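A short worksheet on the structure shown next.
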Ligand code: NIG
Ligand code: FE
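Below you can see the structure in the form of structure tokens.
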């Protein structure tokens, strides 16, 4: 993850949406064919577009009030137990139309593109009944046609227990396994199936059951693991062959070993620890143990109200002791691996999709170093230059 190739005075050729040449300009022996657009990026930096591999960015309403309560010492868990948190957002998402959900999400996608993100995963999980989970997934899938962004849909019906199942949690697990997953699978509405594997949410046994059913229907597993307590979600992710185990603030030594041996990507979410004032995931230990680490925003109204991947890089470097090189790999190539897409996106390589960003900075490290401002001056998606 520290091995980043930086080329000076270099160029990239994109044809039909793909990268067909990359190198230093003294090796460029051809003339540009007619009809090609030349972008002068001299004095600037060209990077692969960011891959935000974990978001809950489709929502309605907001949780500014909870943010204010936390500023006075209330914790995320206390707010959730009092009926706020995920359940607060569910009330608003259930009341929202598909059109409304799409409209707000599209606005966010457009802003994310301007901050350099070219691929994003979006989870359901704020509907928590059959109709509303399907409504969310259909809305997410309909956004796949927006050409500025690759959208990857994830089903997470197991995000919380809805209020109407509070006294009959097993019945909700059955609903997910027997009704939601088969429908989502049959209609191909999700690439991944995720669970919030956590004490008081979906514990190991139910999480495993849900993820196994998802697998049967062609959805690759992902796990929200060890966010608030060490429960064994990392070991579960390893056992089940998950694409990624996410959060991992409380991952144990055994969990780290299991992730490494199974080749599961550890997706860390620096913005969540920052926003909730929680401890950080042991990024150094994970990387030094040989686990592939990705970082993502987790953009959602409760635990991280930010979609800025450069901001996540800054937090990763200052709070988690990742090097800028590691933070860059974590938010591009390793994040692509967390979505099983590392062969097509995440780096500037011949044959990969031409998803590129241009930053007006004297050194690429400024993306993390000069924080709180947007340095991106151009976003190129599948070879098309987008309007910023
Ligand atoms: O990744 N941990 C569970 N889910 C989200 C939080 C979602 C919310 O609070 O609305 C997370 O942090
Ligand atoms: Fe999450």
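Residue numbers (the numbering used here): 272 to 659.
Backbone N, C-alpha and C define an ideal beta-carbon position, used for all residues, glycine too.
Since this is a predicted model, take the numbers as computed values, not measurements.
Its chain contains 456, 459 as the residues whose beta carbon lies nearer than 8 Å to that of residue 489, once the 5 sequence neighbours on both sides are disregarded; these appear in chain order. Residue 468 is bridged by DSSP to 473.
When the five nearest sequence neighbours on each side are left out, the beta carbons in the same chain lying within less than 8 Å of the beta carbon of residue 285 are those of 291, 625, 627, 651, 654, in order along the chain. If you draw a straight line from the Cα of residue 633 to the Cα of residue 496, it comes to about 38 Å. The alpha-carbon of residue 487 is positioned some 19 Å away from that of residue 423.
When rounded, the separation of the alpha-carbon atoms in residue 472 and residue 274 is 39 Å.
Between the region 317 to 335 and the region 572 to 585, the count of C-beta pairs closer than 8 Å reaches three or more; the two stretches touch.
Secondary structure at residue 353: coil, using DSSP grouped into helix, strand and coil.
By the neighbour-count criterion, in which a residue is buried when 16 or more other Cβ atoms sit within 10 angstroms of its Cβ, residue 334 is buried. The Cβ atoms of residue 350 and residue 397 do not sit closer than 8 Å to each other. Shortest gap from the CB of residue 626 to any heavy atom of the ligand FE: 7 Å or more. In terms of CA proximity to residue 528, 508 leads the group 544, 545, 508, 540. Residue state for residue 501 is assigned as coil, using DSSP reduced to three classes. The residues 492, 493, 494, 535, in chain order, have a CB closer than 7 Å to that of residue 513 in the same chain once the five nearest residues on each side in sequence are set aside.
Runs of the alpha helix (DSSP H) lying entirely within the region 527 to 606 and spanning at least 4 residues, in chain order: 541 to 547, 554 to 559, 580 to 590, 595 to 601. Taking a contact to require three or more Cβ pairs closer than 8 Å, the region 354 to 373 and the region 418 to 436 qualify as touching. Straight-line spacing of the CA atoms in residue 401 and residue 408 works out to 11 Å. For residue 401, the enclosing alpha helix (DSSP H) covers residues 401 to 413. Residue state for residue 294 is assigned as strand, using DSSP reduced to three classes.
For residue 643, there is no enclosing alpha helix (DSSP H), as DSSP gives it neither H nor E. For residue 377, the CB contacts under 7 Å within the same chain, skipping 5 residues up- and downstream, are 414, 417 in chain order.
Here DSSP, grouped into helix, strand and coil, assigns residue 428 to strand.
In this structure, residue 466 and residue 452 do not form a Cβ contact; the two beta carbons are roughly 11 Å apart against a cut-off of 8 Å. Put simply, of 302, 304, 287, 277 the residue whose alpha carbon is nearest the alpha carbon of residue 294 is 277. Residue 609 places its beta carbon less than 8 Å from that of residue 565. Beta-bridge analysis with DSSP links residue 650 to 628, 657.
Between residue 447 and residue 395, the C-beta spacing is not below 8 Å. Residue 467 has its Cβ nearer than 7 Å to a heavy atom of the ligand NIG. Here the C-alpha atom of residue 385 lies approximately 17 Å from the C-alpha atom of residue 326.
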